[in-house]
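Student: In the numbering used here, the protein residues as written are 70 to 317. Note that the Cβ used here is the ideal one computed from N, Cα and C, for glycine as well. Let me begin by handing over the structure; questions about it come next.
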Ligand SMILES: Nc1ncnc2c1ncn2[C@@H]1O[C@H](COP(=O)(O)OP(=O)(O)OP(=O)(O)O)[C@@H](O)[C@H]1O
Ligand SMILES: [Mg+2]
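Structure representation (C-alpha cells):
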C-alpha cells in the first residue's frame, strides 16, 4: 500500500484525498482483473453477511473504496474473524452455492466463479484429499491483512474468488496470522475452528484433520513470500500441531 496524495502508479493501492475525505484507490494493470474484482465485490457485498467498504467508483483500471482506516486484526481477533467467515460462507451456500460443485465453474447472474480444481491442478495432484465432493464454500484470500478493525470487523481485497471446500480459506487465515505473528495458542486455534463451524449448515463443518491439510496447502502456496507482506515465520516452524506427514 502507498500513502500518497498523488497516485501516479500503474498498479497498486494508495490512499488519496477526494472531496475532503480520504478514499482508497486500487489501480489495476489489467482491465479484466479490475472488472473481476468489482464483480466479486458486488457478489460478496450482496450476501449482506459481513461489513465491506463502499465501492465509490469503478473504471476500467481503478476501483475506489471508502477508507476503512489503518488497523489490521491480530491473533486476539481470530475467533471473531472465524465467526464472520462462517456467516459469510453459510450465506453464500444458502443463497447460491448449495447447487455448486468444486470441479465446475459456478455461474451466478453475470458472475462466473472459477472452480476449485483447475487453478490448483498441480497442487491437488499432491494433496488429492483436498478435492472433496462435499458442500462448497469459496476462497477469497482471507489472509489476515485482508481484514480491517477500525470500526468493527470489515473485509477488503476482492481480487481473488474461487470455489473451495468449507474450511479452506480459514486455513489461509490461520497460516497468514502465524507467519506474521508467530505460533498460535493451540486452544485459540481450536476455538477458531469451533467458531467457524458453529455458523455453518449441518453437514458442512470442517474437521481438524481437513483444516490441517488446508494449512499445509497454504504453506506450499505462501512460503515463497517469507520476508514480504509482514511474513516472518514459516508455517512448519510455528504450526500449533505436531509435524505433519501427508499420506494419500
Ligand atoms: N478500503 C480500505 N480502507 C483502508 N485500507 C485499505 C483499504 N483497502 C486496502 N487497504 C490497505 O491497503 C492494503 C493493500 O490492499 P489490498 O489487500 O486490496 O491489495 P493487495 O494488492 O492484495 O495487497 P496485499 O498483497 O498486501 O494483500 C491493505 O492491506 C490495507 O492495509
Ligand atoms: Mg490484500
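If you draw a straight line from the C-alpha of residue 306 to the C-alpha of residue 292, how long is it?
Tutor: Within the chain shown, the letter at position 237 stands for residue 306. Within the chain shown, the letter at position 223 stands for residue 292. Cα to Cα, the separation comes out at about 11 Å.
Student: Roughly how many angstroms lie between the CA atoms of residue 188 and residue 220, to the nearest whole one?
Tutor: As a working mapping, residue 188 is identified with position 119 in the chain shown. As a working mapping, residue 220 is identified with position 151 in the chain shown. Going from the Cα of residue 188 to the Cα of residue 220 covers about 35 Å.
Student: Which of the three DSSP states, helix, strand or coil, is assigned to residue 234?
Tutor: Locating residue 234 in the chain shown gives position 165, counting from the first residue. The answer is strand: DSSP assigns residue 234 an E or B state.
Student: Check whether the stretch 266–281 and the stretch 248–255 touch, using three or more Cβ-Cβ pairs below 8 Å as the test.
Tutor: At 8 Å Cβ cutoff, the stretches do not touch.
Student: Drop a sphere of 10 angstroms on the beta-carbon of residue 270, count the other beta-carbons inside from all chains shown, and report buried for 16 or more, exposed for fewer.
Tutor: Residue numbering aside, residue 270 sits at position 201 when the chain shown is read from its first letter. When all chains shown are included, residue 270 counts as exposed.
Student: Between residue 135 and ligand 1, is there a pair consisting of the residue's CB and a ligand heavy atom that are separated by less than 7 Å?
Tutor: Position 66 of the chain shown, counted from the first residue, corresponds to residue 135. Yes - ligand 1 has a heavy atom lying nearer than 7 Å to the Cβ of residue 135.
Student: Using CA coordinates, which residue listed in 162, 136 and 265 is at the minimum distance from residue 204?
Tutor: For the purposes of this step, residue 204 is identified with residue 135 of the chain shown, where counting begins at 1. Out of 162, 136 and 265, 162 has the C-alpha closest to the C-alpha of residue 204.
Student: At a cut-off of 7 Å, would you count residue 191 as near ligand 1, judging by its Cβ distance to the nearest heavy atom?
Tutor: Taking the first residue of the chain shown as 1, we reach residue 191 at position 122. No, since every heavy atom of ligand 1 falls outside the 7 Å radius drawn around the Cβ of residue 191.
Student: Pick from 233, 182 and 285: whose alpha carbon is nearest that of residue 110?
Tutor: Walking along the chain shown from the start, residue 110 turns up at place 41. With distances taken between Cα atoms, residue 110 lies closest to 182.
Student: Please say whether residue 116 and residue 180 have beta carbons closer to each other than 8 Å?
Tutor: Locating residue 180 in the chain shown gives position 111, where the first residue counts as 1. Locating residue 116 in the chain shown gives position 47, where the first residue counts as 1. No.
Student: Kindly indicate which residue of 80, 173 and 124 has the alpha-carbon position closest to the one of residue 100.
Tutor: Along the chain shown, one-based indexing puts residue 100 at 31. For the residues 80, 173 and 124, the minimum Cα distance to residue 100 belongs to 80.
Student: Which of helix, strand or coil does DSSP assign to residue 310?
Tutor: The sequence position of residue 310 within the chain shown is 241, counting from 1. If DSSP states are grouped into helix, strand and coil, residue 310 belongs with coil.
Student: With three or more C-beta pairs closer than 8 Å as the rule, is the stretch 131–143 touching the stretch 208–226?
Tutor: The stretch 208–226 vs the stretch 131–143: in contact.
Student: Any heavy atom of ligand 1 inside 7 Å of the beta-carbon of residue 213?
Tutor: Start at 1 with the first residue of the chain shown, and residue 213 comes out as number 144. Flag unset: Cβ of residue 213 not near ligand 1.
Student: Could you check where the alpha helix (DSSP H) with residue 107 kicks off and where it finishes?
Tutor: Within the chain shown, numbered from 1, the residue matching residue 107 stands at position 38. Where residue 107 is concerned, the enclosing alpha helix (DSSP H) stretches over 100–116.
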